[in-house]
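Participant: One structure coming up, written as structure tokens, with questions to follow.
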Amino acid sequence: MKLHLLSAVALIAAPLLAQTPPAPPPEAAGAMPAAAPAPKPATVKVTLTTSEGPIVLELEKERAPITTANFLRYVDAKRFDGIGFYRAVKVQPGFGLIQAGLRNDPKKVFPNIAHEPTTKTGLHHEDGTISMAMAAPGTASADFFIMVGPAPTMDADPATNNAGFAAFGHVVEGMDLVRKIMDEPTSQTAGPAAMKGQMLVAPVKILTARRTG
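Last residue of the sequence shown: 212 in numbering that gives the first Met the number 0, with the numbers rising by one and none dropped.
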């Protein structure tokens, strides 16, 4: 019985497969092809090789050209070699940021750069975003931070006259290490008043910072 059923199915399917497919309706025949997706904005990768392992960054050189060029200037001059992640802001468990940079070393910092707000770049402060530390717009130079968790209040908001911070890329590898660094012990006495309780007892050293893609 099973053999007969299979034979019957084959007999039905054969003429269906052999039929010429009907012509598309006039609307479909004259339809325009779907537009190709817009190309991804150009990026560049940088690997921060730390004493605890690598952190790979993808920087938005097309969407945030000023900030990315500034960061790459320090990378190419090897001025980030030997610095460390020295600050961990722990807002709540699993949410905060870690900060690294030259800490205004006059022998190593380049001139400050113009501020690129998120309203201009289209970027946002999300989990893994890298952004520039600054005291005010136009004062960013060689210190940067990486977000752990999203922080939309750090984006620019013209309605409240908030310039926000200059996001310019994100972590593509090594977020587990970023979270580990944020969880490291901090000192209750070290650092300026605004950073009390945020300075890492044992900063995590950045051995090298290099372009990798």
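For every residue, glycine included, the Cβ atom is placed at its ideal position computed from N, Cα and C.
Could you tell me the distance, in whole angstroms, from the CA atom of LYS39 to the CA atom of LEU58?
Facilitator: Rounded to the nearest angstrom, the two C-alpha atoms are 13 angstroms apart.
Participant: What does a CB cutoff of less than 6 angstroms around GLY212 pick up in its chain, not counting 5 residues either side in sequence?
Facilitator: LYS44.
Participant: In whole angstroms, what separates the C-alpha of ARG102 from that of ASP156?
Facilitator: Rounded to whole angstroms, ARG102 to ASP156 spans 27 angstroms at the Cα level.
Participant: Take every Cβ of the segment 58-71, pair it with every Cβ of the segment 107-123, and state whether three or more of those distances are shorter than 8 angstroms.
Facilitator: Touching, per the Cβ criterion.
Participant: Threshold first: 3 residues or longer. Then list the beta strand (DSSP E) segments lying entirely within the segment 49-114, N to C.
Facilitator: Segments of the beta strand (DSSP E) lying fully in the segment 49-114: 52-58, 83-91, 94-100.
Participant: Taking 7 angstroms as the cut-off, is the C-beta of GLY173 nearer than that to any heavy atom in the ligand PLP?
Facilitator: With respect to the ligand PLP, the structure offers nothing, as it holds no ligand at all.
Participant: What are the start and end residues of the alpha helix (DSSP H) that includes ASP175?
Facilitator: From DSSP, the alpha helix (DSSP H) with ASP175 extends over 174-181.
Participant: With a CB to CB cut of under 7 angstroms and the five nearest residues on each side skipped, what residues in its chain are close to PHE94?
Facilitator: The answer, listed in chain order, is VAL147, GLY148.
Participant: Between ALA158, GLY121, ASP80, which has its C-alpha nearest ARG209's C-alpha?
Facilitator: Ranking ALA158, GLY121, ASP80 by Cα distance to ARG209 puts ASP80 first.
Participant: Which of helix, strand or coil does DSSP assign to LYS119?
Facilitator: Here LYS119 sits in helix by DSSP.
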